[in-house]
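Residues in the sequence shown are numbered from 1 upward in steps of one, following UniProt numbering. Positions of the beta carbon are idealized from the N, C-alpha and C atoms, including for glycine. None of these values were measured; they are calculated from a predicted model.
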Amino acid sequence: MWNEDLNVFTKDQTPKQPATKVNRAKLPKRARNFSKEQLQKALRKKKECNDKAQRVVETLIEPGRTEDELLTLLKDINQCHMEDIVQERAIVKICGYPLCDNELKNIPKQQYVISVTQNKVFDITERKNFCSGECYKASNYIKQQMLTSPLWLRDQEDIPKFRLITGRQLVYRETDVKKPLQPDELLFGELKIVERRYAPEQQEAILREASEEMEQETPDTSEQPGTAVQDVVGMEEELGSVLSKLQI
1 MWNEDLNVFT KDQTPKQPAT KVNRAKLPKR ARNFSKEQLQ KALRKKKECN DKAQRVVETL
61 IEPGRTEDEL LTLLKDINQC HMEDIVQERA IVKICGYPLC DNELKNIPKQ QYVISVTQNK
121 VFDITERKNF CSGECYKASN YIKQQMLTSP LWLRDQEDIP KFRLITGRQL VYRETDVKKP
181 LQPDELLFGE LKIVERRYAP EQQEAILREA SEEMEQETPD TSEQPGTAVQ DVVGMEEELG
241 SVLSKLQI
């Protein structure tokens with residue numbers, strides 16, 4: 001009877017398993033010099049971090065979040081996760097800012113608004129995911145502080161302590177940043193600006209069409225208080241005025 005445990009090779013002739021080659025070119029720079037054992041550990045950690053990030057996203061999609069809860073969870077997600085949170089909340093008609101549970105109402109159907117004074121077209125796709133300009137700014141304020149590095153390499157970085165704003169109020173906590181960010185230092189470049197040149201007759205037709213759309217979609221506000229004008233200079237002031245007419 002054949003003995004399955006019988007080894008027909010001598011010790012020096014036993015075939016070895018082919019070595020597994022790892023393509024390090026696509027790895028982050030800090031991980032390219034990792035040993036095989038370090039890479040295996042990093043892969044396990046990557047899976048754990050991704051699973052944790054998914055749980056955070058599911059938590060922040062739900063209404064009823066607190067400031068302390070949000071500040072604690074931000075270190076476990078990236079900017080892309082925050083974008084997912086905003087979009088998922090908007091799908092169920094809730095303001096995209098995790099600390100605001102207002103219902104999204106009177107959402108404009110158009111993708112662009114036209115600034116007559118600046119002769120520019122603004123893409124408001126992202127802006128429509130929020131109930132107000134203040135929530136939109138507060139969300140971008142958080143997003144600008146978030147890290148973009150892989151979650152599984154966070155233990156090699158200094159994690160900042162995040163700050164929040166509510167309207168013009170700054171929530172500042174102990175941090176390694178010497179100077180806290182102020183609301184007027186925010187970068188308001190999130191709205192995509194599409195610059196186009198039009199012939200006079202084309203411009204007149206576009207403005208007339210936009211005016212008709214606004215008249216059709218804007219509800220009667222004779223008995224409602226007008227939307228507050230944004231106290232931000234330059235482009236933000238003009239854009240806030242345009243968006244206030246759209247009631248978003």
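Pairwise C-alpha distance: residue j and residue i
{"i": "glutamate 126", "j": "cysteine 135", "result": "12 Å"}
{"i": "residue 249", "j": "valine 113", "result": "Any question about residue 249 goes unanswered here, given that the chain covers just 1 to 248."}
{"i": "leucine 181", "j": "glutamine 145", "result": "Any reading at leucine 181 must be qualified, since the residue scores a pLDDT of 42, below 50, and its modelled position is unreliable; no value is offered."}
{"i": "glutamate 103", "j": "aspartate 84", "result": "18 Å"}
{"i": "cysteine 131", "j": "isoleucine 77", "result": "24 Å"}
{"i": "glutamate 58", "j": "glutamine 38", "result": "30 Å"}
{"i": "lysine 47", "j": "aspartate 155", "result": "15 Å"}
{"i": "glutamate 69", "j": "glycine 133", "result": "23 Å"}
{"i": "proline 63", "j": "glutamate 201", "result": "48 Å"}
{"i": "alanine 205", "j": "lysine 105", "result": "29 Å"}
{"i": "glutamate 209", "j": "valine 116", "result": "13 Å"}
Anticipated Cβ contact below 8 Å, residue i with residue j, distance rounded
{"i": "arginine 55", "j": "leucine 99", "result": "Their Cβ separation, rounded to whole angstroms, is 19 Å, which puts arginine 55 and leucine 99 out of contact at 8 Å."}
{"i": "asparagine 50", "j": "leucine 151", "result": "7 Å"}
{"i": "serine 139", "j": "tyrosine 97", "result": "5 Å"}
Any C-beta of chain D under 9 Å from that of residue i
{"i": "isoleucine 94", "result": "Protein chains in the displayed structure number just one, and chain D is not present."}
Own chain, CB closer than 6 Å to residue i, minus 5 neighbours either side, in chain order
{"i": "isoleucine 107", "result": "Lys128"}
{"i": "leucine 74", "result": "Phe162"}
{"i": "leucine 71", "result": "Phe162"}
{"i": "lysine 45", "result": "Trp152"}
{"i": "glutamine 40", "result": "none"}
{"i": "lysine 52", "result": "Asp76"}
{"i": "lysine 137", "result": "none"}
Where the beta strand (DSSP E) containing residue i begins and where it ends
{"i": "aspartate 123", "result": "120-123"}
Residue i and residue j closer than 9 Å at C-beta
{"i": "glutamate 88", "j": "isoleucine 61", "result": "yes"}
{"i": "methionine 82", "j": "isoleucine 142", "result": "yes"}
{"i": "lysine 79", "j": "leucine 153", "result": "For the record, residue 79 in the displayed sequence is glutamine; it is not lysine. No, the Cβ-Cβ distance between glutamine 79 and leucine 153 is not below 9 Å."}
{"i": "aspartate 101", "j": "isoleucine 94", "result": "yes"}
Neighbourhood of residue i by C-beta distance below 8 Å, restricted to the same chain and skipping five residues each side
{"i": "lysine 179", "result": "Low local confidence applies: a pLDDT of 42 at lysine 179 is under 50, so the model's placement there is unreliable, and no value is given."}
{"i": "glutamate 157", "result": "Leu147, Ser149"}
Endpoints, alpha helix (DSSP H) assigned at residue i
{"i": "isoleucine 107", "result": "It is not in any alpha helix (DSSP H) - isoleucine 107 carries neither H nor E in the DSSP assignment."}
{"i": "valine 56", "result": "36-61"}
{"i": "lysine 143", "result": "133-145"}
{"i": "leucine 71", "result": "67-73"}
{"i": "valine 86", "result": "79-91"}
The ligand GTP heavy atom lying under 8 Å from the CB of residue i
{"i": "leucine 147", "result": "Looking at this structure, you won't find the ligand GTP or any other ligand, since it has none at all."}
Same chain, Cβ closer than 7 Å to residue i, five either side skipped, listed in chain order
{"i": "valine 86", "result": "Gly96, Asn129, Ser139"}
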